[in-house]
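Numbering (our numbering), first residue to last: 2 to 106.
Just so you know, even glycine gets a beta-carbon here, dropped at the ideal spot from N, CA and C.
One structure is given below, encoded as structure tokens.
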């Protein structure tokens, strides 16, 4: 997939110590279902961190792919499925880092 000015916002998730493997599975399943609900998501990749001393305790990383910045800002951010995902996962997430970047491919 190659688009001009593709937006690749990486999201890092740090789970609460009380979050169980079943909870993490629920978060991941819900996350991976977002592209089928939100047409502006061009793709999504996620996975667990590889042990690294500079991981700062983050457990999971997600990279969203959007064709345009508008798809991110106006198609994804206000979408009800995104808001529902945030609401569902808030109970499991201790911290997150969202770093929206726009790249020229």
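- Residue 99 is bridged by DSSP to 12.
- In the three-state reduction of the DSSP assignment, residue 76 falls in the helix class, which pools H, G and I.
- Here residue 42 is buried: its Cβ has 16 or more other Cβ atoms, across all protein chains shown, within 10 Å.
- With respect to the 8 Å criterion, residue 99 and residue 12 are classified as neighbours on the basis of their beta carbons.
- For residue 33, no beta strand (DSSP E) segment is defined; the enclosing uninterrupted segment is the alpha helix (DSSP H) at 22-38.
- Linking residue 93 to residue 21 through their CA atoms gives a straight-line distance of about 9 Å.
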